[in-house]
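Q: Attaching a single structure in structure tokens format; questions to follow.
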Amino acid sequence: MMASQRTQTFSDSESPTHSPNESFNLNAEEVTGSGYPYSLGRTMRQLTLDADAQPDPADLFTILVASDLHLGYCDRDELRKNDSLRTFEEILRTAKENKVDFVLLGGDLFHENKPSRSTAQQCATLLRSYCMGDGGINFELVSEPTVNFGHMEKQFQRINTEDPNLNINLPVYSIHGNHDDPSGSTYLSELDLLHTYGLINYFGKAVDLENIEIAPLLFAKGNTKLAVYGLGAIRDERLHRAYLENQVTMHRPEEATEEWFNIFVIHQNRPAHRGKHNYVPETFLEKWLDLVIWGHEHDPVPVPVLNKEMGFEVLQPGSSVATSMSDGEGKQKYCYLLKVAGRRYRVEPIALETVRPFYIEDINLTAIGYIKDDGNADVIRDDVEKFLNKKMEKLIRKAEEERRPQQPKEPLIRLRVDFGNVEPLNPILFGQRFFGRVANPKEIIQAVKSKPLGRNNRNGDTSNVSQFKSMTIVPEVVTSIEDLLKEHFKRLANDHLQLFSPDFMNESLKQFVHNDDKEAIVDAFEFQKAQVEKFLTEREIDPASVSDLPESIRAYKEAHVDMPQYLSDFAAWRVNSSKVAKRSPSQATGTAAKRNRTGSDDEDAPHIDNVGPLSLAPLSTQGSVRGRGRGSRARGGATVARGGARGRGRGGAAAAVSPTESEEEEANDSGDSNGPSISSRDRTTTTTRGRVTTTTRGRRRTGHITDYFMKTIELGCVNSVYAPAIVSTPGLTSAVQTVQCRYMMASKISGKKTRSLPDPKVHHRYFENPFHNYAGLPVRNPAEYLDDALVLFRDIYHHYSGVNLQDTGTDIYTGTAGVAYMLTRLLAMPNVLPEADKQMALKLGSRIMEPALKQQTGEAGFLIGDPGVLAVAAIFYSTSGDHRRAEDCLTGYAKFCSDLDSLKVKDSSGDELFAGRIGYLDGFLELWKAFPSHWTLMQIDVRKIINAVLDSGRRYSKKKGLDDRCPLYFYHYGSDYLGAAHGISTILQFLLCFPHCLSTIDGAVEEIKRSVDYVVRQQTSTGNFPPKFGDKESTREELVHWCHGAPGLIYMLAKAYLVWKEKNYLDTAVVCADLIWKKGLLRKGPGICHGIAGNGYAFLLMYRLTAKEEYLYRAHCFADFMFNPLVQDKSRTPDHPYSLFEGVTGSVCFLADLTNPTAAYFPFSDVFNDFPHK
1 MMASQRTQTF SDSESPTHSP NESFNLNAEE VTGSGYPYSL GRTMRQLTLD ADAQPDPADL
61 FTILVASDLH LGYCDRDELR KNDSLRTFEE ILRTAKENKV DFVLLGGDLF HENKPSRSTA
121 QQCATLLRSY CMGDGGINFE LVSEPTVNFG HMEKQFQRIN TEDPNLNINL PVYSIHGNHD
181 DPSGSTYLSE LDLLHTYGLI NYFGKAVDLE NIEIAPLLFA KGNTKLAVYG LGAIRDERLH
241 RAYLENQVTM HRPEEATEEW FNIFVIHQNR PAHRGKHNYV PETFLEKWLD LVIWGHEHDP
301 VPVPVLNKEM GFEVLQPGSS VATSMSDGEG KQKYCYLLKV AGRRYRVEPI ALETVRPFYI
361 EDINLTAIGY IKDDGNADVI RDDVEKFLNK KMEKLIRKAE EERRPQQPKE PLIRLRVDFG
421 NVEPLNPILF GQRFFGRVAN PKEIIQAVKS KPLGRNNRNG DTSNVSQFKS MTIVPEVVTS
481 IEDLLKEHFK RLANDHLQLF SPDFMNESLK QFVHNDDKEA IVDAFEFQKA QVEKFLTERE
541 IDPASVSDLP ESIRAYKEAH VDMPQYLSDF AAWRVNSSKV AKRSPSQATG TAAKRNRTGS
601 DDEDAPHIDN VGPLSLAPLS TQGSVRGRGR GSRARGGATV ARGGARGRGR GGAAAAVSPT
661 ESEEEEANDS GDSNGPSISS RDRTTTTTRG RVTTTTRGRR RTGHITDYFM KTIELGCVNS
721 VYAPAIVSTP GLTSAVQTVQ CRYMMASKIS GKKTRSLPDP KVHHRYFENP FHNYAGLPVR
781 NPAEYLDDAL VLFRDIYHHY SGVNLQDTGT DIYTGTAGVA YMLTRLLAMP NVLPEADKQM
841 ALKLGSRIME PALKQQTGEA GFLIGDPGVL AVAAIFYSTS GDHRRAEDCL TGYAKFCSDL
901 DSLKVKDSSG DELFAGRIGY LDGFLELWKA FPSHWTLMQI DVRKIINAVL DSGRRYSKKK
961 GLDDRCPLYF YHYGSDYLGA AHGISTILQF LLCFPHCLST IDGAVEEIKR SVDYVVRQQT
1021 STGNFPPKFG DKESTREELV HWCHGAPGLI YMLAKAYLVW KEKNYLDTAV VCADLIWKKG
1081 LLRKGPGICH GIAGNGYAFL LMYRLTAKEE YLYRAHCFAD FMFNPLVQDK SRTPDHPYSL
1141 FEGVTGSVCF LADLTNPTAA YFPFSDVFND FPHK
């Protein structure tokens, strides 16, 4: 039940109700609309437009309302960087022209918490230009400003119109949004600075999130009394919980309480579809409010929407600039004139004239007739490209015809294309021909899958009836590669990229992509390497003292931060590079085009000694190394410029110097390889290390510095569209081999190795299994997978070390508690973590558990709520030695187990794993394993929970008329699920883990067995189980997931076999395992809920159950397949790529469990773990 919000008044009067005698609906207009998710009703208290009924100007407040201006959006895009500022100026100009009393902004004035200096300067310029000057203020603030601006320094706790040092004629009042919210130890934002400068009035900043006080700005003008409440953005789950726990107080004026017109400005998620607690319901707000101005939602609704239940109306202004290529952003943008007189008001939308034109078109190629078959396979892609080109030309002409005078010339255009069975076009290459004609050439095409609506058109034909759902099959290219790289490098902090400058790397990537400069990245690496070696050589750093290198390199970077000069030196270095001089004119741009293509130095080029203090003559590097290794971990050597290398095994790689040399090395190496040959493309994604002897200015240097570079330099190929081009480009092989290349395909699995595996056929939901069936040979040493687990673990560590944990979820399923659980698994495994990694695990666990425990969500479920966080915290703190905190968390978990009523959910029996009673038993078993016979756990009445589950199952079985066949039956959100996530199988599985308790309950064991048998009979002809009872799946659409399908049901079967020893349960499990082997290489990512790792766990279960090495072999194959580049390219990026159930955290558990398969178990699902007491 929702707790009511506290409302405080300064008098004893009750909250007002609108008098029936008050004329609220004078000449009210009927507001209609279509397609809007909220009900549109008659607008209340509208000001009349009749001339004889106009309000007295002395009583009329005129306010300009806008929201989500996002100043600074795309400020690194030369074409779009001024879009937000241009519209902001139009808004201020509109305010001046309409002589408004003040401007009211609904949050997100800036796109970033720390906007660029240019953006901040231009914003301040506009505010000074339009808001300062002569002109009187015709209203007064009658509330105490120290209450509203208590977050400011004492001398600035006032509005700028009352500052004697300023001359303000257009006040601006603003709350913060989620983009420009305060942060850091000082809890400041750019709005704090603007308020201090006297340019805006920043209100609505909550300084105590445990007790949120919202005091109004009280304005008076003539007989009109206006109360403006504001609340800047707070994490939605946190604010949702604050409302439920009565932690929000809205103060009302003491005098004439009912005469005030009450406006509330808020910046939060509004639609409920964003999560159960990830929004603020309108019913949480106060009924006495008159108008709510709702920021954050970019989809404009230009009329107030009546909430009939609450009595107030909501205005959703929308954004003033498109920050995404979605339908809502493509609508007309507005600012609004809000006029208030007494208790009546009117909203007048004003269309913004400077917003960049934006067009979206959905295209279903299959419906149009573009279908690939054997007869047109060679030409269909060209035909599609021509068709889309014509579509673009048509839209560009339309934009030119419809463009308003003040709008930018180049439109935004998005084509959402369902390519059907045609190979999608590369969006980068497609967009190149439209550079200068559209504003988003790299983002024109978005590959989607159309989803049938399931209804016929007028002719009964459904072929063309579809709605588009953005399920990207070609990962969408971000607007700016620089943004993507900087975000990636920021996560890695200082542990990597100690040589490369991110800014310099971005510049080389620009040349590579935009100018088709094939060797820009190679040269960038070689240049910076040469510069650092020169720096170290001149300072005579001891080559053998590798420990001194990090500090020396940091000193070098700090001493050379002048990027323009650095780029100039780089250009000169390239001019004098004989390697670069061999390129064709089409590959060279700028000064590089002037290079001598004969291979000798260019006599006309400036001498390298005259370039500047950072210059160095072309580095001459010679030498050869021989690397050998086993499997994907072979360490091969690589030279920087010239030389040879041999690799041995699946990971051996030769440095590609020239096509001829590379071919010779491949020929020589082929006879020395213990594994299959690898193409040059495969080699470029292999990590190689070696020692190189270099000569610099006549001084012979050992390979220590180069060794250090190879250990610390990292080139992140993080974009799936660019990475294939990078790794297949001639001449780049050497550079990518020289550095440690993390082949991260759009964050899919964050794969750190690329294994040489066959390329399988790609089906709708899975990859066809490319592995041979087990032939009886000994399987590999499982300990080999420890390296894989540690690499992923370190990446997770760096990720969570660099994110704001206040913005992350805390639950087990997709939040930080799941990460902490993985850490406890690693820490509990003997001889798994090296000491340094152990300390990292303890440090990370402490960092993420502290805020997780503080950010209680109020959710009572185990996997998605607070009990799971407490359970994991108890285990982690016990592992780390903090037994007092572990005891506190155990006590907190026990309290949840005593309150079963909190699990009653509408349309659910309240028994499923994620949020139901059985989840409490699951958590209890996991805690029992860590704290056997602990006093606190012994106080938990597990029999009470078991009885509640059994009674619930009996009632629903009887209701469905199944009590004679399936005595226990359950449902969740109206569906009778079978699967492990929400269905009956996991409920029965965990009930069987309490055999001694069940023996004291009459008939319970028999009821469970009959129910298990009923579930077993649902197995399909393919060996799978449908998601729900009665589902008829097609073979193509069947779900082979842990959450829905055989990979989850197999645990119930295993538990039943362990309890009753009946062979039919084992036989059924074998059929499930065979299906998983055939169809379990999923395209939904690496996770354990619906990914490859989760399906691999089924084989580890079967290995423990049968001791057959065939199942261990299968688990190894699935582990290897996760690192296949095709998987990374063709799989969906998980919504939570670092989480336990959807992302790589679960993969770490799986890989680590491979090191000790006889004790392996799926997270929170150990069928071999029973509770030994009654």
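One point on numbering: in full-length UniProt numbering, the residue at position 362 of the sequence shown is 362, and numbering is uninterrupted. Each residue gets a CB set at the ideal place from its N, CA and C atoms; glycine is no exception.
Going by beta-carbon coordinates alone, are residue 305 and residue 104 separated by less than 8 Å?
A: Counted from its first residue, the sequence shown places residue 305 at position 305. Counted from its first residue, the sequence shown places residue 104 at position 104. No. Outside cutoff.
Q: Given residue 163, which residues of its chain have a CB within under 7 Å of its CB, disregarding the five upstream and five downstream residues?
A: As a first step, residue 163 is located in the sequence shown; it is residue number 163 there, counting from the start. So the list reads 198, once near-sequence residues are dropped.
Q: What are the boundary residues of the alpha helix (DSSP H) that includes residue 220?
A: Along the sequence shown, read from residue 1 onward, the residue named residue 220 stands at position 220. Looking at the DSSP string, residue 220 is not in any alpha helix (DSSP H); the run it does join, the beta strand (DSSP E), is 217-221.
Q: Are residue 1149 and residue 981 closer than 8 Å when you measure CB to CB?
A: For the purposes of this step, residue 1149 is taken as the residue at position 1149 of the sequence shown. For the purposes of this step, residue 981 is taken as the residue at position 981 of the sequence shown. The answer is no: Cβ separation not under 8 Å.
Q: Relative to the alpha-carbon of residue 446, which residue among 405, 436 and 363 has its alpha-carbon at the smallest distance?
A: Locating residue 446 in the sequence shown gives position 446, where the first residue counts as 1. Residue 363 is the option with its Cα nearest to residue 446.
Q: Among 1173, 1117 and 258, which has the Cα closest to the Cα of residue 999?
A: Translated into positions along the sequence shown, residue 999 becomes position 999. Taking only the C-alpha atoms, the option nearest residue 999 is 1173.
Q: The beta strand (DSSP E) spanning residue 762 covers which residue range?
A: Taking the first residue of the sequence shown as 1, we reach residue 762 at position 762. Here residue 762 belongs to no beta strand (DSSP E), and DSSP marks it neither H nor E.
Q: Let me check one thing: in DSSP terms, what residues is residue 351 bridge-paired to?
A: What you label residue 351 is simply residue 351 of the sequence shown in a count that begins at 1. Beta-bridge pairing links residue 351 to 334.
Q: Counting beta carbon pairs with one atom in the region 910-922 and one in the region 874-888, are three or more of them shorter than 8 Å?
A: Flag = no, the region 874-888 and the region 910-922 do not touch.
Q: Per DSSP, residue 266 forms a beta bridge with which residues?
A: Sequence index remark: in the sequence shown, residue 266 carries index 266 (1-based). For residue 266, which the question treats as bridged, DSSP gives the partners 231 and 294.
Q: For the region 368-384 against the region 311-322, are there 3 or more C-beta pairs whose distance is under 8 Å?
A: Cβ pair count under 8 Å is below three, so no.
Q: Note down the Cα distance separating residue 63 from residue 316, rounded to an integer number of angstroms.
A: As a working note, residue 63 is residue 63 in the sequence shown. As a working note, residue 316 is residue 316 in the sequence shown. Each residue's alpha carbon lies about 15 Å from the other.
Q: Below 8 Å, how does it come out for the region 233-245 and the region 154-171: are there three or more Cβ pairs, yes or no?
A: As far as the Cβ criterion goes, the region 233-245 does not touch the region 154-171, which means the pair count is below three.
Q: Rounded to the nearest angstrom, how far is the Cβ of residue 214 from that of residue 248, given a contact under 8 Å?
A: Locating residue 214 in the sequence shown gives position 214, counting from the first residue. Locating residue 248 in the sequence shown gives position 248, counting from the first residue. The Cβ separation is near 7 Å, so the contact holds.
Q: Looking only at C-alpha atoms, which of 1105, 1076, 223 and 996 sits nearest to residue 1055?
A: Indexing the sequence shown from 1 puts residue 1055 at position 1055. Out of 1105, 1076, 223 and 996, 1105 has the C-alpha closest to the C-alpha of residue 1055.
Q: In the DSSP assignment, find the unbroken beta strand (DSSP E) run with residue 251 in it and report its ends.
A: Numbered from its first residue, the sequence shown carries residue 251 at position 251. Run containing residue 251: 248-252, per the beta strand (DSSP E) assignment.
Q: Just to confirm, are residue 401 and residue 358 a CB contact at a threshold of 8 Å?
A: Position 401 of the sequence shown, counted from the first residue, corresponds to residue 401. Position 358 of the sequence shown, counted from the first residue, corresponds to residue 358. Not in contact: residue 401 and residue 358 (Cβ atoms no closer than 8 Å).
Q: In three-state DSSP terms, what is residue 450?
A: In the sequence shown, residue 450 corresponds to position 450, counting from 1. Three-state result, residue 450: strand.
Q: DSSP state of residue 791, grouped into three classes?
A: Residue mapping note: residue 791 aligns to position 791 of the sequence shown, counting from 1. The answer is helix: DSSP assigns residue 791 an H, G or I state.
Q: Assuming residue 1175 and residue 227 make a contact with CB atoms under 8 Å, what is their CB distance in whole Å?
A: Residue 1175 is absent from the model: the chain starts at 1 and stops at 1174.
Q: Could you have a look at residue 193 and say whether DSSP puts it in helix, strand or coil?
A: By one-based count along the sequence shown, residue 193 stands at place 193. Here residue 193 sits in helix by DSSP.
Q: DSSP on residue 1165, reduced to helix/strand/coil?
A: To locate residue 1165, count along the sequence shown from 1; it is residue 1165. If DSSP states are grouped into helix, strand and coil, residue 1165 belongs with the strands.
Q: Where does residue 1155 fall in DSSP's three states?
A: Counted from its first residue, the sequence shown places residue 1155 at position 1155. Residue 1155: coil per DSSP, three-state reduction.
Q: To which residues does DSSP link residue 313 through a beta bridge?
A: Against the sequence shown, residue 313 aligns to sequence position 313. Bridge partners of residue 313: 291 and 306.
Q: Label residue 1169 either buried or exposed according to how many other C-beta atoms from any shown protein chain fall within 10 Å of its C-beta, with 16 as the threshold for buried.
A: Translated into the one-based positions of the sequence shown, residue 1169 becomes position 1169. Answer is exposed; the Cβ neighbour count stays below 16.
Q: Can you list, in chain order, the residues of its chain with a C-beta nearer than 6 Å to that of residue 1008? Leave out the 5 residues immediately preceding and following it.
A: Translated into positions along the sequence shown, residue 1008 becomes position 1008. 988 and 991, listed in sequence order.
Q: On a CA-only basis, which of 144, 950, 944 and 932 is nearest residue 909? Give me that one, please.
A: By 1-based counting over the sequence shown, the position of residue 909 is 909. When each option's Cα is compared against that of residue 909, the closest is 950.
Q: Provide the residue span of the beta strand (DSSP E) that contains residue 104, from first to last.
A: For the purposes of this step, residue 104 is identified with residue 104 of the sequence shown, where counting begins at 1. Run containing residue 104: 102-105, per the beta strand (DSSP E) assignment.
Q: Would a C-beta distance cut-off of 8 Å place residue 896 and residue 851 closer than the cut-off?
A: Numbered from 1 along the sequence shown, position 896 holds the residue referred to as residue 896. Numbered from 1 along the sequence shown, position 851 holds the residue referred to as residue 851. Their beta carbons are not under 8 Å apart, which means residue 896 does not touch residue 851 by this criterion.
Q: Tell me which same chain residues have a C-beta within less than 7 Å of the C-beta of residue 282, skipping the five on either side of it?
A: Position 282 of the sequence shown, counting from 1, holds the residue named residue 282. Once the five neighbours on either side are set aside, the close Cβ partners of residue 282 are 307, 310 and 314.
Q: So residue 1072 and residue 1093 are in contact, right, with Cβ under 8 Å, and what is the actual spacing, rounded?
A: One-based indexing of the sequence shown puts residue 1072 at position 1072. One-based indexing of the sequence shown puts residue 1093 at position 1093. Not a contact, Cβ separation roughly 17 Å.
Q: Can you tell me whether DSSP reads residue 1172 as helix, strand or coil?
A: Taking the sequence shown and counting its residues from 1, the one referred to as residue 1172 is at position 1172. Reduced to three states, the DSSP call for residue 1172 is coil.
Q: Given 7 Å as the limit, tell me if residue 173 has its C-beta closer than that to any heavy atom belonging to the ligand HEM.
A: Inclusion of the ligand HEM in the displayed structure is not the case, the ligand content being empty and no account of it being possible.
Q: DSSP puts residue 416 in a beta bridge; with which residues?
A: Counting from one through the sequence shown, the residue named residue 416 turns up at place 416. Note: residue 416 sits in a beta bridge opposite 362 and 446.
Q: Would you say residue 1075 and residue 1040 are within 8 Å of each other, going by their C-beta atoms?
A: As a position in the sequence shown, residue 1075 is number 1075, starting the count at 1. As a position in the sequence shown, residue 1040 is number 1040, starting the count at 1. Taking 8 Å as the Cβ cut-off, residue 1075 and residue 1040 qualify as a contacting pair.
Q: Assign residue 132 to one of three DSSP states: helix, strand, or coil.
A: For the purposes of this step, residue 132 is taken as the residue at position 132 of the sequence shown. If DSSP states are grouped into helix, strand and coil, residue 132 belongs with the strands.
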